[in-house]
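**Q** Same order as they appear, the protein sequences are chains G and P.
Just so you know, we're using my numbering here: the first sequence kicks off at 448 and counts up by one.
Just so you know, we're using my numbering here: the second sequence kicks off at 129 and counts up by one.
First, the structure itself, so that you have it in front of you.
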Amino acid sequence: MTESVVIVKGDAGVHARPAMMLVKEAMKYARCSVALIRGGVEADCKSIMSVLGLAIVSGSKLTVRADGDGEREAVKNIVAMIENNFKDKN
Amino acid sequence: MEECEAKIFIADFLGDTGRIDLKIRLVAGEKGVNKLITVPDINRPGLTLAGFYDFFAFDRIQIFGLGETAFMRQMSDEQKEKTYGRFFSYDVLCCIFTHEESPDRVFMEYANRNNVPVFVTSKGTTRFISTLMHLLDEAFAPTVTLHSTLVDVYGIGVLLMGKSGVGKSECALELIERGHRFVADDMVVVKRIDESLLMGGGNPLLLHYMEIRGIGIINIKDIFGIRSVRNRKRIELAVMLEEWDSTKIYDRLGLEESMHKILDIDVPFITIPVRPGRNIPIIVETAALNQRLKKLGTHSARELDESLKNLIGSGKSEK
């Protein structure tokens, strides 16, 4: 299990589009469970409704937790995505 | 699965709470309504007003009934100043006066100064306390958020579990189409209301929304109408949907009952293997009906087993 804590920056928080980006990234790791935890509530990062339901506002402290094949990479990429404020890498 | 800690504010109990209206109105100390309730108990401050401050549970909700108000009424202004001064020197959470008895001016002044919300209710003391305790118990019930889907199938709350993409939402959609009622998708908030009762509901933000791959987010209430949804439902059956694994042995008899623990409560549990061509919603429907039968005392697998045993025992089987 790999875990990392990240603070959500930017003004908008995680609304529909950033949530979709997170889910897309998590879906790449088919044999790995990815979870986002905010304030004791755990959401499956592969489910868009779950991520939206966390209502992640700017400034929220998020724990990214992955368990399975490629967990390190999954956590690294998702944390990077949040840190880059959901801007495309390219 | 992570248990989350409840944060309950006084303001949560104002107005209609969704199920029960406490019928309280604020008369003083408005600035304090955003205080956190930390103890799900109440206190009758009769002894405290009389000057006995040992064990004064100031962090609980203080209920002033007819006795307390009568005692306060017979005090002189001087006594009031002294009594209230001491009473409010503690960090009192909030005060509620029953029987439509408003507190006196001095009390209100102290409450305003110390930001202690004061409420008045038209209800009688005992009735009010029992209602309030019911709401507090529910608010403070241990809670967990599960990644699953909850549907009311023939009156049985069926929790559909399984990995993302196994088809929980699609299964729920078909069940709704067949006339069953949808509670929550993807994020089910489960509360242990009682030692034997698990209540499942949705996240207030996601209420009645569902994501179907290929369509996107849809609102079940708008598409299928009000009769296709409900806000909460007791969880009585947990169904795990999983990809068919040819090496795994699935239950063929149903003689043994497996259980799945949610918040330390055992919920009847079945695993349904998913494979193209298997109509999962009909299997879930049948499982729910079977669960109802079991609840009413009819156990199909055991009945057949009993008949078989009788037949074998009497030696009547054809040779």
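Cβ atoms here follow ideal geometry from the backbone N, Cα and C, with glycine treated the same way.
#1: Would you list, in chain order, the members of the segment 487-500 of chain G that have their beta-carbon closer than 8 Å to a beta-carbon of chain P?
#2: Compare the C-beta of Asn331 (chain P) against all C-beta atoms of chain G and say whether one is closer than 8 Å.
#3: Would Phe268 (chain P) and Pro168 (chain P) be called neighbours here (beta carbons separated by less than 8 Å)?
#4: Considering Cα atoms alone, identify which of G:Ser507, G:Asn532, G:Gly506 and G:Arg478 is closest to Lys493 (chain G).
#5: Going by the CB atoms, is the gap between Val246 (chain P) and Val155 (chain P) shorter than 8 Å?
#6: Beta-carbon of Glu130 (chain P) versus every beta-carbon of chain G: anything under 8 Å?
#7: Helix, strand or coil for Ser505 (chain G)? Go by DSSP, reduced to three states.
#8: Are the C-beta atoms of Ala513 (chain G) and some chain P residue less than 8 Å apart?
#9: Give every residue of the same chain whose Cβ lies closer than 7 Å to the Cβ of Asn524 (chain G), excluding the five residues on either side of it in the sequence, and list them in chain order.
#10: Given a cut-off of 8 Å, decide if Val357 (chain P) and Arg306 (chain P) are closer than it, judged by their beta-carbon atoms.
#11: Does the CB of Met315 (chain P) have a neighbour CB from chain G at under 8 Å?
#12: Would Ala502 (chain G) pass as an interface residue toward chain P - the criterion being a Cβ-Cβ separation below 8 Å?
#13: Are the beta-carbon atoms of Ile410 (chain P) and Ile400 (chain P) separated by less than 8 Å?
#14: Do you know offhand how far Ile170 (chain P)'s Cα is from Ser374 (chain P)'s?
#15: Any idea if Met129 (chain P) is buried or exposed, counting beta-carbon neighbours within 10 angstroms, 16 or more meaning buried?
#16: Along chain G, which residues have their Cβ under 9 Å away from the Cβ of His336 (chain P)?
#17: Who pairs with Thr254 (chain P) in a beta bridge, going by DSSP?
**A** The structure says:
#1: Taking 8 Å as the Cβ-Cβ cut-off, the segment 487-500 of chain G approaches chain P at Gly487, Val488, Glu489, Ala490, Asp491, Lys493, Ser494, Ile495, Met496, Ser497, Leu499 and Gly500, given in chain order.
#2: So, interface residue.
#3: In this structure, Phe268 (chain P) places its C-beta atom within 8 Å of the C-beta atom of Pro168 (chain P).
#4: The candidate whose alpha carbon is nearest that of Lys493 (chain G) is G:Arg478.
#5: Yes; because the gap between Cβ atoms is below 8 Å, this pair is in contact.
#6: In this prediction, Glu130 (chain P) scores a pLDDT of 46, lower than 50, which makes its location untrustworthy; the coordinate-derived value is nonetheless stated afterwards. At least one beta carbon of chain G lies nearer than 8 Å to the beta carbon of Glu130 (chain P).
#7: If DSSP states are grouped into helix, strand and coil, Ser505 (chain G) belongs with coil.
#8: By this cut-off, Ala513 (chain G) is not an interface position.
#9: Glu472, listed in sequence order.
#10: Val357 (chain P) is positioned such that its CB atom lies no closer than 8 Å to that of Arg306 (chain P).
#11: Chain G, which has a Cβ nearer than 8 Å to the Cβ of Met315 (chain P), makes this yes.
#12: Answer yes: the Cβ-Cβ gap between Ala502 (chain G) and chain P drops below 8 Å somewhere.
#13: Contact: no.
#14: Within the model, the alpha-carbon separation for Ile170 (chain P) versus Ser374 (chain P) is close to 57 Å.
#15: Model confidence at Met129 (chain P) stands at a pLDDT of 47, short of 50, so the residue's coordinates are unreliable; what they give is reported in the following sentence. By the neighbour-count rule (16 or more Cβ atoms within 10 Å), Met129 (chain P) is not buried but exposed.
#16: Against His336 (chain P), chain G offers no close residue; the least beta-carbon distance is about 11 Å (beta-carbon pairs closer than 9 Å).
#17: Within the DSSP secondary-structure output, Thr254 (chain P) pairs in no beta bridge.
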